[in-house]
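Line by line, the protein sequences give chains A, B, C and D.
The opening residue of the first sequence carries number 233 in the working numbering; numbering runs sequentially from there.
The opening residue of the second sequence carries number 233 in the working numbering; numbering runs sequentially from there.
The opening residue of the third sequence carries number 233 in the working numbering; numbering runs sequentially from there.
The opening residue of the fourth sequence carries number 233 in the working numbering; numbering runs sequentially from there.
For each residue, glycine too, the CB sits at the ideal point set by N, CA and C.
Following: one structure in C-alpha cells, then a few remarks.
4 protein chains.
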Amino acid sequence: MSPVAPTGTAPTGIGLVGAGRIGSSHARLIATRVPNARLVAVADVRPGAASALAGPLGAIGHTDVGELLADPEVEAVVVTAVTEAHAGLVEAAAHAGKGVFCEKPAGLSLAEIDRGIAATTEAGVAFQVGFNRRFAAEFAAARAAVDAGRVGTPQLLRSLTRDPGLVDPAGVPPWTIFLLTLIHDFDTLLFLNPGAEPVSVYAVADALVAPGFKDAGLLDTAVVTIRFDNGALATAEASFSATYGYDVRGEVFGSGGRLEIGGGPRRQLAISDADGRHVDTPRGDTELFPEAYAGELAEFAAAVREGRAPAVTGHDARRALSIALSCIASVRSGGPVDPAVVAATIDGRVR
Amino acid sequence: MSPVAPTGTAPTGIGLVGAGRIGSSHARLIATRVPNARLVAVADVRPGAASALAGPLGAIGHTDVGELLADPEVEAVVVTAVTEAHAGLVEAAAHAGKGVFCEKPAGLSLAEIDRGIAATTEAGVAFQVGFNRRFAAEFAAARAAVDAGRVGTPQLLRSLTRDPGLVDPAGVPPWTIFLLTLIHDFDTLLFLNPGAEPVSVYAVADALVAPGFKDAGLLDTAVVTIRFDNGALATAEASFSATYGYDVRGEVFGSGGRLEIGGGPRRQLAISDADGRHVDTPRGDTELFPEAYAGELAEFAAAVREGRAPAVTGHDARRALSIALSCIASVRSGGPVDPAVVAATIDGRVR
Amino acid sequence: MSPVAPTGTAPTGIGLVGAGRIGSSHARLIATRVPNARLVAVADVRPGAASALAGPLGAIGHTDVGELLADPEVEAVVVTAVTEAHAGLVEAAAHAGKGVFCEKPAGLSLAEIDRGIAATTEAGVAFQVGFNRRFAAEFAAARAAVDAGRVGTPQLLRSLTRDPGLVDPAGVPPWTIFLLTLIHDFDTLLFLNPGAEPVSVYAVADALVAPGFKDAGLLDTAVVTIRFDNGALATAEASFSATYGYDVRGEVFGSGGRLEIGGGPRRQLAISDADGRHVDTPRGDTELFPEAYAGELAEFAAAVREGRAPAVTGHDARRALSIALSCIASVRSGGPVDPAVVAATIDGRVR
Amino acid sequence: MSPVAPTGTAPTGIGLVGAGRIGSSHARLIATRVPNARLVAVADVRPGAASALAGPLGAIGHTDVGELLADPEVEAVVVTAVTEAHAGLVEAAAHAGKGVFCEKPAGLSLAEIDRGIAATTEAGVAFQVGFNRRFAAEFAAARAAVDAGRVGTPQLLRSLTRDPGLVDPAGVPPWTIFLLTLIHDFDTLLFLNPGAEPVSVYAVADALVAPGFKDAGLLDTAVVTIRFDNGALATAEASFSATYGYDVRGEVFGSGGRLEIGGGPRRQLAISDADGRHVDTPRGDTELFPEAYAGELAEFAAAVREGRAPAVTGHDARRALSIALSCIASVRSGGPVDPAVVAATIDGRVR
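Below is the structure:
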C-alpha cells in the first residue's frame, strides 16, 4: 500500500532520467499510483522520447538532463537510464542537491558505488537503489517472519529469477545475468539472512538458451552458491528463458521451519478442462509484484520529504554488487572466491 | 487497477454520506487510492463524525446531508449510510443532479430500487451499486473466461461468503444474511451466469452461531438453491462465523470445464513448522480483494465524468434484491418460490 | 493400508457375483492387493464371463450363482451384479450362511434393505455396503478430525461427485443420479456429521448434459439440500459430465474451523509451460482413491474372519437410501420432504 | 502398483539380511504388500533380532547369514545390513547364486561396487540398488514427462532431501550426508537428466544443526552444484533437521517448461482455523512415498523371476557413488572437482 501523504504535505517532485521500458513504467506509476510523488519532468537524450512519455502524464520533457537537474520543482531524481550511465547520474543528482533513486545496479564497479555513496552523503540527500522485491508483499512478510524467529536461524536459502524470454541475445552485454538479473537475488539473500556477510561465492554459468552468443560473452543460465559468515548456505539461480512466465521464488530453511515465497499464482483462479487443472502465471516483471514498484517509489518520495535514509540504500547496492563481481571472478577462475579478496583486487568496471 | 485520468481532466468531486466503517474505508480509498476521484465532503448526522473523517483527508464535514448535496464541487455522491436510509439518499442525490454510488442493498424493497432507478434516469445521472466482487481480479477474470467459452455452458454454480465473526448478534437486523451478505453472492451468480434469470429459489437458514438470537429474527447460517432459466443450478451459502478468516469463493461448472475462484491465499508465502504447512488467510472484507473497492469507486468516478452508465447499475441491484426477497419468502413458506411471483406480491419493505 | 493378516490365519475365501466393470476391478484387487482375502470363485450369468475373469486370477468361474454359494471354500460373497439383483443376492448369500459385501445401493427400496438386514442378522453373518469413500485416506482423516473436535460443531457440509463422462445416456436407468451416484455423497454427509439425522431434503435435478434423454427419465445434474436434526445444513451435488476428470470433494464448516477434502491432485507433479501451470486430475473412480477399494474389501474380509460387524453396515445402506428416495420424492413434489414421511409412505421400488 | 503375478508363477523367495529399521520395514512390506515376493528368512548377527522380525511374518530367523544363503527356498537376497557390510554381502549373495537387492550405498568405494557388479554379472543374477525414488509416482511421472519432451532439454535441475530430525549425532559416521542421504538426490538428478554425465562437482557442507559434532566429522547441511556434459546445471541440497517433516523435492527446468515434484501434501485434506490454513506433511521416509518401497521390491522380485536386469542396477549405484565421492573430494579441496579424476585417484573407502 502506498502511504497516505499527511494532509498539507505536498507530493515530492520527481524528475526521471531515461525513458526506456522501466523508465516508462516508473513514470506512469509515479503519475497515477504513487500519491506522495508527482512527476515533474522526464529527460532522455533521444529526441522526442522524454516528451512522448512526459506529455500525457502532465510533465515536461527534456533532452538535456542538466535542464531537469536545474528545475527547482524537481526535488529528487529517478535514474532509469542505461546501466553504464547510472553511476554518473547518481553523482550528478547529488551534486545538484537532489535525492536519487537509481535502478540496479547503481554502478558497474564498487568504486562507482562508493563515489555515489560519498556524493549523496556529502550532499545530505537520500540514495536508494531499485531492489524492488523488498517491497513485494511476500518478501516483506518473509523478512518479518525471519525477524520474528518463525524459522529459527537461517541455514539454507534460495532465490531464483527466471525471465520468460531472451528477446535479443545480441543486445545483452556480458555478465548481465550477474549484474542485472541475479543482483536481485543477491539482495534478496542478504535481506532474508539479516546481518550475515558472504564469505565464499562460487558461480557456474553457461549459454544454454542462445549457445551461439556464448563467444560474445552472453551467459543465459547460472547457478551460484554463497556461504555466509553465520554458516548459512545459499543458492541463487537464473535463466533468461522461462517459457512459462516470470518466475521469482525464494526459500529460507532454518532451525525452526521453512519459508516459501512464490511458486503459485497470486490470482485465485483455476480452470480445469480435459487437459487438467491450470492456473495462469505472470509473464512480465512489472506484472509479478505490481505493488513492489509503486512501493519502492513511494518509500523514496517519503524518505526525500522526511529527510531520512530510505529503506534500501547505496550500501545495499554495494553489498549486492560485491557478490555479482565475485560471481564474475568465480566464473573466470573456475573456483570459489572470497568477496573480500575480490573487492580488494577489482577496482575498475568489469565491462 | 485504477484508470489513469486523461491529462487535463479533473478528478470527479465526491461527497460521501455516512462515516461508519465502510464509509471510512471508502473515504480513505477515494483520498489516497482512486486518482480520478477527489473527496470533497463527508456528511454524517452524528455530531463530529463527518469532520473527524473528512478533516485529515482534506475534505469538509457536514452533519446535514443537504449542505453536502448543495455543494457545487460535489459532482457525485457515495452513499454509505445505514441500510434503511439508502433508498432515500439515492433519490435525494438524483434530485440534486448528482450521480450516486450506493452501498448494497440499494433499497429494502423492489419499489424503493425502482424509485431510485426512475429518479436517476430522469436526472440523467449515474446510479451504481456496491457489488465490489465484480471488480476483484479473480471474479472479473472468471467472467471473462465464461464469456470466452472456457467452461462451456454453465450448469452448476456456487458462491459463498463466510464472515470471520459475529461481533454483536443483538445489533444484526432480521434477514441481514440475505439482504446484506448473500446479496453479494446473488449478484455473483447473476454475473457468472450472464443473461440467465432465476426461476426458482429455495432457502434454508438457521441461527447456529448465536442460537439465543433466533427468536429475535437473527439467522446466521443459510443455504440457498437457485434454478435459472438456462437450466443452471446454483447454490449460495453464508455463515456469520468463520473462525479462520474471511472466506469468499465461487465456482462455475459447465459443459466444457470448471472455474474455481478463491480458496487459496493471494500472498504467496507459506510457513512450514512442526505443525505442518500454513498459509495466512485474510480476516476482513476490505482486506480480501483490496483492488475491488478502489476499482468500483474508480469506475463510478469515470462513469460520472464520462456521462455514461456504470458497469453495475440499479438494475443489477434490483435483480439481486429480488433473489434476496425470494429467500425470505422461501424461509417463510418452507418451500421453493418463483421470484416473479414474489416480485408481484411483495411491495413493501421486508423489515 | 491393507491390514496384515495374523500369522496362521488363512485369508477369507471370497466368491464374487457379477463380472462387470466394478466386479472385475474388485476381483483383481482381491487377487492381488488384499492379502487377507483370497478369490475363490466368480459367478456371472453371461456364459464365459465369470471364467474369463476368474481363470487368470486362479479362481473358478460359474454361470450359476447357486454353485458359488454351495462352495464351502467360499466363506463370504461380494455382490457386484446389476443393481436390480443386489437385494436378492444379499438374502441368498445370507441364507447360504455367507457374509456379504454388496455394492451400493444394497437395494432399491427400504423394504429390500430391511430384508437384507434381517437375513444377515438372522444368519449371524457380516453385511457391508460399498461406500468406499469412508476408506479413502482423506475422508477417513476428515472424520477423525471431526471426532477430535478440530472444526467444532458441523454447521455447513458439502459433498459432490462429478463423473468425467456420460458414455451411454440410453443405458442409464431413471433416478440413477440419486440411487447410484449421490448415494455416495449422502453416506459421506452422514459420515462427516456423526450422529445426526436428516429432517428435510430438497432436490432439484435436470438433464443438462443429455437433454434429449430427459423424457426417458434420465437426470444428469442435481443439487440437494439436506437439513439435519443437529441444525447442520448440507448440500450434495452431482453431474455426469465433468470434462476435466473425476471430481470428488467434501467440506465441513463448523464452529471451530473448516475441513476441505479433495480439490487438488494427489500426485505432486506440476508442469509449467507457455499455457500456465498444470496438474493432472484422475479420470476414473477406481483411480481416484485406489486405497479405498482395497481398504473396504480388506475390512470386509477381516470382519468375516473375526465374526464381527464391518465398519459400514446395512443400516448405513438404509440411511443413505432413505435420503436418495427423499430426493426422488422431492423432485416429484417440487418441494422439500421429510425423510421420515417418505420412509413411511414409499414401500416399493422406485424403478 | 505392485504387478500381478502371472497365474501359476510362485512368488520369489526372499532372504533379508539385517533386521534394523529399514530391514524391518522391507520385511513387513515383502510379507504383506508385495504379492510377487515371499519372505522366507531373515538373518541378523544380533541374537534374537532376526527371529523377532521373521517369526510374526511366517519366516525363519538366522544369526548366521551363511545359513540363509544356503537355504534353497531363498532365491534372492535383500541386503539391509549396516552400510559397511553392504559390499561384502552383495558378493556373498552372488557367489551363492542369489539375486541381490542392496540398500544404498551398494559400497563405500567404487572398487567395492565394481566387485559387486563383477560378481553378480559372473553369477548371472540380478543386482539392484535401493534408489526408491525412481518408484515414487511423482518421480516416475517426471521422468516420463522428460522423455516425452514436455520440458524440452533440461537446463537447470534441483533435488533436495530434508530429514525431520537428527536423533543421535554421535551415531552418524563421517560423510553420511553425501554417502547415504544425498546419494538419493544424485541418483534423482541422473534419472531426470537421462544420458548426461557429471563433469564438475562442487560441494559446501557444514555442521549447523549439531555444531558440536563437526570435529568428529559430522556434516549435517550441504549444498552441491553439479555441471553435466549436456550443459545442464544442477543443485542438490540436504539437511538433517527439518522441523516440519520429511521434505523431498525435485525440479527440472528446460527449454520448454518446468517440472516440479513434491512440495505439497499427497493427502488432499486441509484444515483452516484461527491460525490459517494447514496441511499435514509426512514425517518419515517410509511414509513419504509408500508405493516406492513396495514398488522397488516388486521390481526386484520380478527381475529375479524373469531372469532379467532390474530397473536400477549396480551401474546406477556406481554413478551416484561417484558423485558422492566427488563431493567429499570437493569439501576436502575447497574447490570443484572432476568426477572422472576423482574416480581415477580414489580407490579405497572414504571412511
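Under the DSSP assignment, residue 528 of chain C falls in the alpha helix (DSSP H) whose first and last residues are 522-538. Under the three-state reduction of DSSP, residue 315 of chain A is assigned to helix. Annotated three-state conformation of residue 505 of chain C is strand, per DSSP.
For the pair of segments examined, the region 525-542 of chain C was found to touch the region 364-371 of chain C: the number of CB pairs separated by less than 8 Å reaches three.
Around the beta carbon of residue 394 of chain B, a 10 Å sphere encloses 16 or more other beta carbons of the protein chains shown; the residue is thus reported as buried. Among the CB atoms of chain C, one or more fall inside 9 Å of the CB of residue 505 of chain D. Of the candidates A:567, A:568 and A:558, A:558 places its Cα closest to the Cα of residue 578 of chain A. The Cβ atoms of residue 389 of chain A and residue 421 of chain A lie closer than 9 Å to each other. Look at residue 346 of chain B here: in three-state DSSP terms it is helix. For the pair of segments examined, the region 426-443 of chain B was found not to touch the region 507-514 of chain B: the number of CB pairs separated by less than 8 Å stays below three. One finds 504, 508 and 509 in chain D with Cβ atoms closer than 9 Å to the Cβ of residue 513 of chain B, taken in chain order.
Annotation: the continuous beta strand (DSSP E) that includes residue 457 of chain A extends over 453-460. Residue state for residue 472 of chain D is assigned as coil, using DSSP reduced to three classes. Residues of chain D whose Cβ lies closer than 9 Å to the Cβ of residue 476 of chain B are, in chain order, 503, 504, 505, 506, 507, 508 and 509. Residue state for residue 578 of chain D is assigned as coil, using DSSP reduced to three classes.
Going by beta carbons, residue 276 of chain A and residue 550 of chain A fall outside the 9 Å limit. Out of B:554, B:416 and B:307, the CA that lies nearest to the CA of residue 539 of chain B is found in B:307.
Under the 10 Å beta carbon count, residue 436 of chain A is surrounded by 16 or more other beta carbons and is classified as buried.
Per DSSP, the unbroken alpha helix (DSSP H) holding residue 563 of chain D starts and ends at 546-565.
Sequence-ordered contacts of the region 368-399 of chain B with chain C read 383, 384, 385, 387, 388, 390, 392 and 394 [C-beta pairs closer than 9 Å]. Beta-bridge partners assigned by DSSP to residue 341 of chain D: none are found. About 10 Å separates the Cβ atoms of residue 322 of chain C and residue 249 of chain C, ruling out a contact at the 8 Å cut-off. If you compare the alpha carbons of D:416, D:405 and D:478 with that of residue 581 of chain D, the shortest gap goes to D:405. One alpha carbon belongs to residue 574 of chain A, the other to residue 457 of chain A, and they sit about 16 Å apart. If you draw a straight line from the Cα of residue 341 of chain C to the Cα of residue 324 of chain C, it is about 17 Å long. The beta carbon of residue 493 of chain B falls within 9 Å of a beta carbon belonging to chain A, placing the residue at that interface. The three-state secondary structure of residue 278 of chain D, taken from DSSP, is coil.
Inter-residue distance for residue 391 of chain B and residue 465 of chain B is about 12 Å (C-alpha atoms, whole angstroms).
Per the coordinates, the alpha-carbon of residue 471 of chain C lies some 6 Å from the alpha-carbon of residue 452 of chain C.
For residue 547 of chain B, the number of other beta carbons within 10 angstroms of its own is below 16, and it is reported as exposed.
Any Cβ of chain B closer than 9 Å to the Cβ of residue 359 of chain C would place that residue at the interface, and such an atom is absent. In chain order, 388 make up the part of chain C whose C-beta sits under 7 Å from the C-beta of residue 469 of chain B. Cβ-Cβ distances below 8 Å link residue 381 of chain C to 488 in the same chain, with the five nearest sequence neighbours on each side left out; the list follows chain order. Interface annotation, residue 517 of chain B: not in contact with chain D, CB-CB separation never under 9 Å. Ranked by how close their Cα comes to the Cα of residue 443 of chain B, the residues B:461, B:267, B:398 and B:285 have B:398 in first place. Excluding five sequence positions before and after residue 554 of chain B, the CB atoms of its chain that fall closer than 8 Å to its own CB belong to 342, 430, 571, 574 and 575, given in chain order.
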